[in-house]
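Visitor:
Numbering (mature numbering (1 follows the signal peptide of the UniProt record, and there is no 0)), first residue to last: -33 to -1, 1 to 205.
1. If we count the other Cβ atoms within 10 Å of its Cβ and call it buried at 16 or more, is residue 24 buried or exposed?
2. Check each candidate in 170, 36 and 79 and name the one with the smallest Cα separation from residue 132.
3. Roughly how far, in whole angstroms, is the beta-carbon of residue 55 from the beta-carbon of residue 16, given that I think they are within contact range, below 8 angstroms?
4. Which word fits residue 29, buried or exposed, when buried means at least 16 other C-beta atoms lie within 10 angstroms of its C-beta?
5. So residue 26 packs on residue 57, CB below 8 angstroms; how close in whole Å?
6. What residue does the beta strand (DSSP E) around residue 57 start on, and which one ends it?
7. Thinking just about the alpha-carbon of each residue, which of 107, 108, 81 and 74 is nearest to the one in residue 92?
8. For residue 121, collect the residues of the same chain with a Cβ closer than 7 angstroms to its Cβ; drop the 5 residues on either side in sequence, then sort them by chain order.
9. Helix, strand or coil: which one does DSSP assign to residue 30?
10. Of all the alpha helix (DSSP H) runs that stay within the bounds of the segment 123 to 166, which reach a length of 4 or more residues?
11. Should residue 130 be listed as close to the ligand ZN, given that the test is whether its C-beta is under 6 angstroms from any heavy atom?
12. Could you work out which residue in 41, 51, 141 and 159 is closest to residue 192 when comparing CA atoms only?
13. To the nearest angstrom, how far is it from the Cα of residue 162 to the Cα of residue 172?
14. Relative to the C-alpha of residue 31, which residue among 144, 9, 49 and 71 is closest?
15. So, do the segment 178 to 193 and the segment 35 to 49 have three or more beta carbon pairs nearer to each other than 8 angstroms?
16. Kindly give me the distance between the Cβ atoms of residue 160 and residue 61, rounded to whole angstroms, as I take these residues to be in contact under 8 angstroms.
17. Hey, residue 66 and residue 99: beta-carbon distance below 7 angstroms or not?
18. Thinking C-beta only, is residue 148 closer than 7 angstroms to residue 36?
19. Give every residue of the same chain whose Cβ lies closer than 6 angstroms to the Cβ of residue 144, excluding the five residues on either side of it in the sequence, and list them in chain order.
20. Determine the closest residue to residue 40 out of 194, 53, 195 and 181, with distance taken between C-alpha atoms.
21. By the 10 Å Cβ neighbour count, where 16 or more other Cβ atoms means buried, how is residue 96 classified, buried or exposed?
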């Protein structure tokens, strides 16, 4: 049998390398795109999303000042509209906030322990988030920061959560939950906090808070439109 030429061997090696790269890339892509076991996010007031309600999705960072400023008017709007509006909060730990990932992970730990305490902890972070800005913790180790977060969170929502928080930071599943939140934000094209979606459509002004009147201007017309669709023409009963 005639031996193959050097050029043919070279072409074969290139083809084999290309096929190997394709299979490796395809395998990685599939593993990264595997859906999570449950939809990402924290449901406000433990209310599952009602298909008949207006759905707000908020992307927050626990140590983002703009996220902090966006929460009170959004909460006020939720209280005003009641069951007509549902909220899901997704966490996007921004990479330039040194402690965003660890504080986000703390929220996932608490949510898994008792979802009723999740928003209490979020508000607690927002009340004193300066503690976890970059400058105050720049000389601290990651371990020291985590210990401070555990202590801080327990002070805010109760010492009974201390052990759950400590063990939670050693549990890989809480790390994965936090990663899912980050990846979910990426799939939605979110790059700044706060970012808001209403019924699946993004609102303008990503990265800036929306005040209470702004929420009224967004939601009131939607509720009015829903009311019109529910009206039954009188001639149907004549």
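Beta carbons: idealized from backbone N, C-alpha and C, even for Gly.
Guide: Taking the structure as given:
1. Looking up residue 24 in the chain shown gives position 57. When all chains shown are included, residue 24 counts as buried.
2. Locating residue 132 in the chain shown gives position 165, where the first residue counts as 1. Minimum Cα distance to residue 132 is reached at 79.
3. Taking the chain shown and counting its residues from 1, the one referred to as residue 55 is at position 88. Taking the chain shown and counting its residues from 1, the one referred to as residue 16 is at position 49. So it is a contact: roughly 7 angstroms between Cβ atoms.
4. To locate residue 29, count along the chain shown from 1; it is residue 62. Counting every other CB atom within 10 Å of its CB across the protein chains shown gives residue 29 a total of 16 or more, marking it as buried.
5. Stepping through the chain shown from its first residue, residue 26 is reached at position 59. Stepping through the chain shown from its first residue, residue 57 is reached at position 90. Sure, about 5 angstroms apart at Cβ, within 8 angstroms.
6. As a working note, residue 57 is residue 90 in the chain shown. Here the beta strand (DSSP E) through residue 57 covers 52 to 58.
7. Here residue 92 is taken as the residue at index 125 of the chain shown, counted from 1. Checking every option, the nearest Cα to that of residue 92 belongs to 74.
8. Working through the chain shown from its first residue, we reach residue 121 at position 154. 128, 129 and 132, listed in sequence order.
9. If you number the chain shown from 1, residue 30 lands on position 63. Coil, per DSSP.
10. Correct list: 129 to 135 and 139 to 154.
11. The ligand content of the structure shown is nil, which means the ligand ZN is not present either.
12. On the chain shown, residue 192 is found 225 positions in, with the first residue counted as 1. Among 41, 51, 141 and 159, the Cα nearest to that of residue 192 is on 51.
13. To locate residue 162, count along the chain shown from 1; it is residue 195. To locate residue 172, count along the chain shown from 1; it is residue 205. Cα to Cα, residue 162 sits roughly 8 angstroms from residue 172.
14. The residue given as residue 31 occupies position 64 in the chain shown. Measuring from the Cα of residue 31, the nearest candidate turns out to be 71.
15. Under the 8 angstroms Cβ criterion, the segment 178 to 193 counts as touching the segment 35 to 49, having at least three qualifying pairs.
16. Reading the chain shown from its first residue, position 193 is the one you call residue 160. Reading the chain shown from its first residue, position 94 is the one you call residue 61. 6 angstroms between Cβ atoms; contact.
17. Working through the chain shown from its first residue, we reach residue 66 at position 99. Working through the chain shown from its first residue, we reach residue 99 at position 132. Contact flag set, yes.
18. As a first step, residue 36 is located in the chain shown; it is residue number 69 there, counting from the start. As a first step, residue 148 is located in the chain shown; it is residue number 181 there, counting from the start. Cβ distance not < 7 angstroms, so residue 36 and residue 148 don't count as in contact.
19. Residue 144 sits at position 177 when you count from the first residue of the chain shown. Closer than 6 angstroms at Cβ, skipping near neighbours: 75.
20. On the chain shown, residue 40 is found 73 positions in, with the first residue counted as 1. Closest in C-alpha terms to residue 40, from the list 194, 53, 195 and 181, comes 181.
21. The residue you call residue 96 lines up with position 129 of the chain shown. Counting every other CB atom within 10 Å of its CB across the protein chains shown gives residue 96 a total of 16 or more, marking it as buried.
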